[in-house]
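The sequence shown begins at 61 in this note's numbering and counts up by one.
Cβ coordinates follow ideal geometry from the N, Cα and C atoms, glycine included.
Just so it is clear, the structure is predicted and the values come from calculations on it, not from any experiment.
Structure first, then comments.
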Amino acid sequence: MKVEFDEETCIGMYQCVAEWDAFTADKSKGKAILEDSEEVEDGIFVREVPEDAELDAKFAARTCPVDAIAIYDDDGEQLIP
Numbered sequence: 061m062k063v064e065f066d067e068e069t070c071i072g073m074y075q076c077v078a079e080w081d082a083f084t085a086d087k088s089k090g091k092a093i094l095e096d097s098e099e100v101e102d103g104i105f106v107r108e109v110p111e112d113a114e115l116d117a118k119f120a121a122r123t124c125p126v127d128a129i130a131i132y133d134d135d136g137e138q139l140i141p
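And the structure:
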């Protein structure tokens, strides 16, 4: 499973930060940060989701009010949103 985070879409509500510790708040930018991720396109960050964090990652994606977080299964199918 992997997570994709669109930093440009993020509006800094930090609900993802409360749900999964892979996200941290960057108050100076007013955006969340996906830790240990790789920028694959301008403002798009991706990382693998550890098996023990899959539920937390899904909750983080579901709580994002602007759908800046997408979850994909191992076959590349988008699960959330």
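Through-space distance from residue j to residue i, alpha-carbon basis
i, j, result
"PHE65", "ALA128", "6 Å"
"CYS124", "GLN138", "16 Å"
"LYS62", "TYR132", "5 Å"
"THR84", "GLY136", "25 Å"
Reference residue i; option with closest CA among the options
i, options, result
"ASP96", "SER88, ASP134, ALA82 and ILE104", "ALA82"
"ASP134", "ALA121, ARG107 and GLN75", "ARG107"
"ALA120", "GLU99, ALA92, ASP86 and SER88", "ALA92"
"ASP112", "ASP102, TRP80 and GLY136", "TRP80"
Own chain, CB closer than 7 Å to residue i, minus 5 neighbours either side, in chain order
i, result
"VAL109", "MET61, LYS62, VAL63 and ALA117"
"ARG122", "ILE140"
Contacts around residue i, its chain only, beta-carbon distance under 6 Å, and the 5 residues preceding and following it disregarded
i, result
"PRO141", "ASP127"
* To do: Mind the definition here: the region 69-84 touches the region 118-134 only if three or more C-beta pairs lie below 8 Å; say whether that holds.
  => yes
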